[in-house]
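Visitor:
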Amino acid sequence: MIYREYGKTGESVSVVGFGGMRFESIDDTEACVGMMVRAAEAGVNYFDTAPGYFGTKSEQAYGAGLAELRRRGLPYYVSTKTFASNESGVRTEIEGQLERLGVDAIDFYHIWCITSLENWRERTRDGVLDVFRKLKDEGLIRHICVSSHLIGDEIRELLMEGVFEGVLFGYSPYNFSTRQKAFDAIRKHDLGCVVMNPLGGGLIPNNPDLFSFVKTRENESVVEASLRFLFAHEEITVSLVGFGNAWHVDEAISAVEGYEPISPARLEQIKAAASRSFDGICTGCGYCEGCPEEVPIPKLMDAYNQKLLHGDYQSLINRLKWHWNIPAEEAAKCIECGQCEEACTQHLDITGRLKEIVEAGTAAT
Ligand code: SF4
Ligand code: SF4
Numbered sequence: 008m009i010y011r012e013y014g015k016t017g018e019s020v021s022v023v024g025f026g027g028m029r030f031e032s033i034d035d036t037e038a039c040v041g042m043m044v045r046a047a048e049a050g051v052n053y054f055d056t057a058p059g060y061f062g063t064k065s066e067q068a069y070g071a072g073l074a075e076l077r078r079r080g081l082p083y084y085v086s087t088k089t090f091a092s093n094e095s096g097v098r099t100e101i102e103g104q105l106e107r108l109g110v111d112a113i114d115f116y117h118i119w120c121i122t123s124l125e126n127w128r129e130r131t132r133d134g135v136l137d138v139f140r141k142l143k144d145e146g147l148i149r150h151i152c153v154s155s156h157l158i159g160d161e162i163r164e165l166l167m168e169g170v171f172e173g174v175l176f177g178y179s180p181y182n183f184s185t186r187q188k189a190f191d192a193i194r195k196h197d198l199g200c201v202v203m204n205p206l207g208g209g210l211i212p213n214n215p216d217l218f219s220f221v222k223t224r225e226n227e228s229v230v231e232a233s234l235r236f237l238f239a240h241e242e243i244t245v246s247l248v249g250f251g252n253a254w255h256v257d258e259a260i261s262a263v264e265g266y267e268p269i270s271p272a273r274l275e276q277i278k279a280a281a282s283r284s285f286d287g288i289c290t291g292c293g294y295c296e297g298c299p300e301e302v303p304i305p306k307l308m309d310a311y312n313q314k315l316l317h318g319d320y321q322s323l324i325n326r327l328k329w330h331w332n333i334p335a336e337e338a339a340k341c342i343e344c345g346q347c348e349e350a351c352t353q354h355l356d357i358t359g360r361l362k363e364i365v366e367a368g369t370a371a372t
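In terms of the working numbering, the sequence shown is numbered consecutively and its last residue is 372.
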């Protein structure tokens with residue numbers, strides 16, 4: 008296993024983290040615990056969950072898994088999150104989490120899923136940062152972190168707050184260009200950086216030919232290659248993999264064990280190849296930002312990617328709802344000024360896609 012320092016916290020964490028959002032048999036506690044033990048025995052020590060994964064069942068499974076890790080003397084850090092912002096809401100949430108997880112304190116506690124800077128401002132107005140500071144003083148949490156679906160400059164602005172010890176956001180060979188600017192702030196504040204959805208939420212293993220550009224060796228799978236692409240980023244402390252079964256655990260471990268450093272030049276080649284391979288796919292570069300009608304174009308185009316890759320509009324609607332938390336009607340604000348299409352690095356028919364999104368949203372209601 009490879010370990011990295013989590014920002015300036017002094018904690019040493021495994022480059023592969025256990026994500027608790029994709030258990031294939033969440034009601035089979037023995038299977039969930041077995042996967043956690045298998046990962047920990049291979050050196051994984053970062054275990055992430057959330058109160059909304061399978062309701063609270065993921066945290067409950069973690070409670071059983073962590074107890075087994077303690078019994079076997081296997082070290083771990085536990086990470087979870089809360090949507091709550093005010094004092095009573097956060098306290099009620101964490102009381103339940105400590106009980107479900109069976110621990111006295113949470114190592115990495117996240118203000119969960121900031122979807123826009125306005126959303127962040129609302130939560131700070133509710134006092135979320137003060138509550139988190141108090142919880143830390145009381146020893147109930149060890150490190151204050153934030154998870155976000157912001158892109159580009161927005162993440163950089165969020166992290167400039169200077170209160171966080173670490174950040175969690177989506178990053179993969181499929182959407183790396185949306186989030187690269189965050190690394191400036193991560194370096195500047197010496198933050199831990201955990202990335203989720205490293206396999207594009209299943210897009211990469213399901214489309215191995217499309218993502219073959221990420222391979223640096225003939226004998227590696229596209230999953231191993233994608234994880235190694237992330238390990239090659241020095242700023243990324245942990246790549247969280249949502250494990251469904253024991254085989255997924257083994258593949259991620261094999262990606263670490265067979266890792267050989269990838270040079271910065273090769274990394275750039277892979278990124279350039281990504282842009283070439285994604286014909287018709289929005290790469291999330293963000294060059295189209297600044298719409299006069301404030302249409303969130305990269306987010307809507309990211310959702311449209313799901314339709315292209317999965318071939319149905321429901322995937323698009325799901326992405327808008329569950330990942331970005333924005334309604335399809337946002338696309339209807341477009342007045343077809345053409346500014347974004349002129350700027351688009353992939354020369355996409357953005358206005359046409361926006362119309363399709365509006366229609367898909369109407370059909371889904
Ligand atoms: S074409 Fe539509 S989405 Fe693009 S910048 Fe103009 S108003 Fe915004
Ligand atoms: S729509 Fe075009 S310019 Fe905008 S993020 Fe996607 S690829 Fe980049």
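All C-beta atoms in this analysis are idealised placements derived from N, C-alpha and C, irrespective of residue type, glycine included.
Using the three-state DSSP reduction, which class does Y320 fall into: helix, strand or coil?
Guide: Helix at Y320.
Visitor: Specify whether the stretch 194-204 and the stretch 250-265 touch according to this definition: at least 3 beta carbon pairs, one from each stretch, less than 8 angstroms apart.
Guide: Too few Cβ pairs lie closer than 8 angstroms, so no.
Visitor: Can you determine whether any heavy atom of ligand 1 sits closer than 7 angstroms to the C-beta of Q346, and answer yes or no?
Guide: Yes, the beta carbon of Q346 sits closer than 7 angstroms to at least one heavy atom of ligand 1.
Visitor: Ligand 2 and M308: does the residue's C-beta get closer than 7 angstroms to at least one heavy atom of that ligand?
Guide: Under cutoff, so the answer is yes.
Visitor: According to DSSP, which residues form a beta bridge with C152?
Guide: The partner list for C152 (beta bridge, DSSP) reads H117, G173.
Visitor: In chain order, what residues of the same chain have a beta carbon less than 8 angstroms from the beta carbon of K222, not counting five sequence neighbours either side?
Guide: Counting only Cβ-Cβ distances below 8 angstroms, and skipping sequence neighbours, we find V229, A232.
Visitor: Please look up how many angstroms separate the CB atoms of I288 and C295, rounded, as I've assumed it's under 8 angstroms.
Guide: Actually they are not in contact, since the Cβ atoms of I288 and C295 sit about 14 angstroms apart, beyond 8 angstroms.
Visitor: Please confirm whether S154 and K195 have their CB atoms less than 8 angstroms apart.
Guide: For S154 and K195, no; Cβs fall outside 8 angstroms.
Visitor: Specify whether the stretch 202-217 and the stretch 167-180 touch according to this definition: at least 3 beta carbon pairs, one from each stretch, less than 8 angstroms apart.
Guide: Contact holds: three or more Cβ-Cβ distances are below 8 angstroms.
Visitor: Which value, in whole angstroms, describes the spacing of the CA atoms of G50 and T16?
Guide: Looking at the two C-alpha atoms, the distance is approximately 20 angstroms.
Visitor: Can L124 and G70 be called in contact, C-beta distance under 8 angstroms?
Guide: No, these two residues do not count as a Cβ contact at 8 angstroms.
Visitor: Should M28 and A68 be called a contact, given that it needs their Cβ atoms to be closer than 8 angstroms?
Guide: No, Cβ-Cβ distance for M28 and A68 is not below 8 angstroms.
Visitor: I need the straight-line Cα distance from E337 to V85, nearest angstrom please.
Guide: Approximately 37 angstroms, taken between the alpha carbons.
Visitor: Where do the ends of the alpha helix (DSSP H) carrying L142 lie?
Guide: Per DSSP, L142 belongs to the alpha helix (DSSP H) from 135-144.
Visitor: Could you pull out every unbroken alpha helix (DSSP H) segment of at least 4 residues lying fully inside the stretch 277-364, listed in chain order?
Guide: List check, alpha helix (DSSP H) in window: 304-317, 320-325, 346-350.
Visitor: Could you name the residues that DSSP lists as bridge partners for D55?
Guide: For D55, which the question treats as bridged, DSSP gives the partners G26, S86.
Visitor: Grab me the residues of K306's own chain with a C-beta within less than 7 angstroms of its C-beta, minus the 5 sequence neighbours each way, in chain order.
Guide: Answer for K306: W331, I333, listed in chain order.
Visitor: Using only the alpha-carbon positions, how far apart do I101 and Q276 sit?
Guide: If you take the alpha carbons of I101 and Q276, they lie about 44 angstroms apart.
Visitor: Within the present structure, is the beta-carbon of V365 separated from the nearest heavy atom of ligand 1 by less than 7 angstroms?
Guide: Not so, every heavy atom of ligand 1 lies at least 7 angstroms from the Cβ.
Visitor: Cβ of G327 within 7 angstroms of any heavy atom in ligand 1?
Guide: Correcting the residue identity first, residue 327 is Leu in this sequence and not Gly. Because no heavy atom of ligand 1 lies under 7 angstroms away, the Cβ of L327 does not count as near it: no.
Visitor: Does the Cβ of V245 lie closer than 7 angstroms to at least one heavy atom of ligand 1?
Guide: No, ligand 1 has no heavy atom inside 7 angstroms of this Cβ.
Visitor: When the Cα atoms are used, what is the spatial distance from L136 to G293?
Guide: Approximately 29 angstroms, taken between the alpha carbons.
Visitor: On the DSSP bridge assignment, give the partners of M8 in chain order.
Guide: Note: M8 sits in no beta bridge, so no partner.
Visitor: Given the structure, does E337 come close to ligand 1, in the sense that its CB is under 7 angstroms from one of the ligand's heavy atoms?
Guide: No, Cβ of E337 sits at least 7 angstroms from all heavy atoms of ligand 1.
Visitor: For ligand 2, I want to know if T290 counts as a neighbour, meaning its beta carbon is within less than 7 angstroms of at least one of the ligand's heavy atoms.
Guide: Yes, ligand 2 has a heavy atom inside 7 angstroms of this Cβ.
Visitor: With a threshold of 7 angstroms, establish whether the CB of A192 neighbours any heavy atom of ligand 2.
Guide: No - ligand 2 has no heavy atom lying nearer than 7 angstroms to the Cβ of A192.
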